[in-house]
Amino acid sequence: MIKPYRILPRIAQLLAYAYSALIVGYLILRLIFWDRLWLIALAGDFVPWIFLPIFLLPILGFLIVKKRRFAIVSSVACICLLGWLHVTYFSPQPANISDSQPSIKVFSLNIGWHTKSPQALVDLILSEKPDLICLQEIKEHYAKEVFSKLAALYPYHQGRGYHVILSRYPIRSFQTLQLAGGNEPQERAIIEMNQQDVVLYNISTTPPWFRRRKILPFLTIPVYEYGNRPAQIQDLVWRLQKETLPVIAAGDFNFTEQSQDYYYLRAVMQDAFRTAGLGFGFTFPHGWELNLLVKQLNWKLTFPLVRLDYVWYSQHWGAKSAQVLPAIDSEHLPIEAELRLQPESGRV
Numbered sequence: 002m003i004k005p006y007r008i009l010p011r012i013a014q015l016l017a018y019a020y021s022a023l024i025v026g027y028l029i030l031r032l033i034f035w036d037r038l039w040l041i042a043l044a045g046d047f048v049p050w051i052f053l054p055i056f057l058l059p060i061l062g063f064l065i066v067k068k069r070r071f072a073i074v075s076s077v078a079c080i081c082l083l084g085w086l087h088v089t090y091f092s093p094q095p096a097n098i099s100d101s102q103p104s105i106k107v108f109s110l111n112i113g114w115h116t117k118s119p120q121a122l123v124d125l126i127l128s129e130k131p132d133l134i135c136l137q138e139i140k141e142h143y144a145k146e147v148f149s150k151l152a153a154l155y156p157y158h159q160g161r162g163y164h165v166i167l168s169r170y171p172i173r174s175f176q177t178l179q180l181a182g183g184n185e186p187q188e189r190a191i192i193e194m195n196q197q198d199v200v201l202y203n204i205s206t207t208p209p210w211f212r213r214r215k216i217l218p219f220l221t222i223p224v225y226e227y228g229n230r231p232a233q234i235q236d237l238v239w240r241l242q243k244e245t246l247p248v249i250a251a252g253d254f255n256f257t258e259q260s261q262d263y264y265y266l267r268a269v270m271q272d273a274f275r276t277a278g279l280g281f282g283f284t285f286p287h288g289w290e291l292n293l294l295v296k297q298l299n300w301k302l303t304f305p306l307v308r309l310d311y312v313w314y315s316q317h318w319g320a321k322s323a324q325v326l327p328a329i330d331s332e333h334l335p336i337e338a339e340l341r342l343q344p345e346s347g348r349v
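For the sequence shown, the working numbering begins at 2 and goes up steadily by one.
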């Protein structure tokens, strides 16, 4: 008869070694392939969650595995993880810019097609009073109702359906884009803010999803694909590099901070939440139906797991604050950032 007190430590030891091997394997493959390998891209989307069990390894190492080398290595890994979490997520560095410089508050939300009533959105906007509002995946009749209820505060708006922009300031020009020729529409507008022209991009890219792929004549597996998103991000980066005015890009970018596309964009723009926000900043999913993945599940996810929504800004700006706002009737959480023009930007 197998005694539980003997087999449980063996199982714990096996799990600890297997998890450690998976983490090391992920880091090596990420260094080599990054998003070119879909398994690494998928794992990268959930890195903060995947890394959390590292904190259990020293406990297992000292109390159950009882291998000195494993305990020491896992303890060092814990210290490194704590340092990475602190520097990356819990050390905001908002810009130290004089209050005399012009500032602008940007609000962004992917509404989602299932949203029933705009009143919660209207109430949130009236409470936060942003200067620029970028909305994605909004129905035309919904947009008209929002326009009518906010007309007094936001007399300028562009777009009728899917993507819309509302502004306190005059919109001097407006252009609908299709980055990399994809199906997702985007928008570019020039806003006149106190005699300073500002470029605003309202962005939504192709969302990644699981699709069935036949790898053998008798075997089909689900594969994580992100479609046109890399090409769309490259197109956006190319456009941003040509801009000479102060630029803001807000919206649902459909990537996380660990994706390769995030780093391509970060090479030319700055992430407002990562600069001036505190915490992970997860925005998706909220109220997401799990039967989209498994038909037998009738549950809803009400706790966001990843960050897909961003406010980006060019070197002309500094980020004073950034936050994720309370949930309304949408699968995404709203985000907001306050930006202030750098003194040397002047009038462009």
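Using N, Cα and C, we set each Cβ at its ideal position, and we do this for glycine too.
Residues bridged to residue i (per DSSP)
i	result
T177	E188
Q324	E337
I172	I192
D198	E193
Y311	G252
I329	Answer is none; I329 lacks a bridge partner.
V165	L136
DSSP-derived helix/strand/coil call for residue i
i	result
A251	strand
L53	helix
W210	strand
Q316	coil
L306	coil
E138	strand
Q14	helix
L151	helix
K301	strand
L83	helix
L342	strand
L43	helix
Cβ neighbours of residue i in the same chain (closer than 8 angstroms, five flanking residues each side left out)
i	result
R213	T221, I222, P223 and V224
S104	K321, E339, L340, R341 and L342
I249	I105, V107, L133, V199, V200, L201, Y202, V312, W313, Y314, S315, W318 and L340
Q94	T276 and A277
W50	L306
Close Cβ partners of residue i (< 6 angstroms) along its chain, the five nearest in sequence each way excluded
i	result
R31	I41
F108	P131, I134 and E337
F256	D262 and Y263
W35	Q261
A232	A181
F274	G282 and A323
Cut-off 7 angstroms between Cβ atoms - residues of its own chain near residue i, not counting five sequence neighbours on either side
i	result
L28	none
*Is there contact here, the region 121–140 with the region 278–285, by at least three beta-carbon pairs under 8 angstroms?*
Between the region 121–140 and the region 278–285 there are fewer than three C-beta pairs closer than 8 angstroms, too few to call the two in contact.
*Please list the segments of the alpha helix (DSSP H) lying wholly inside the region 91–129, counting only runs of 4 or more residues, in order along the chain.*
120–129
*Can you find at least 3 beta carbon pairs, one from the region 80–88 and one from the region 166–182, that sit closer than 8 angstroms?*
Under the 8 angstroms Cβ criterion, the region 80–88 does not count as touching the region 166–182, having fewer than three qualifying pairs.
_To test your reading of the DSSP string, which unbroken beta strand (DSSP E) runs of 3 or more residues are found completely within the region 215–295?_
220–226 and 248–253
*Evaluate the contact criterion for the region 195–214 versus the region 147–157: three or more CB pairs, one atom per stretch, below 8 angstroms.*
no
*Using 8 angstroms as the threshold, is the region 228–241 in touch with the region 4–24, meaning 3 or more CB pairs across them?*
no
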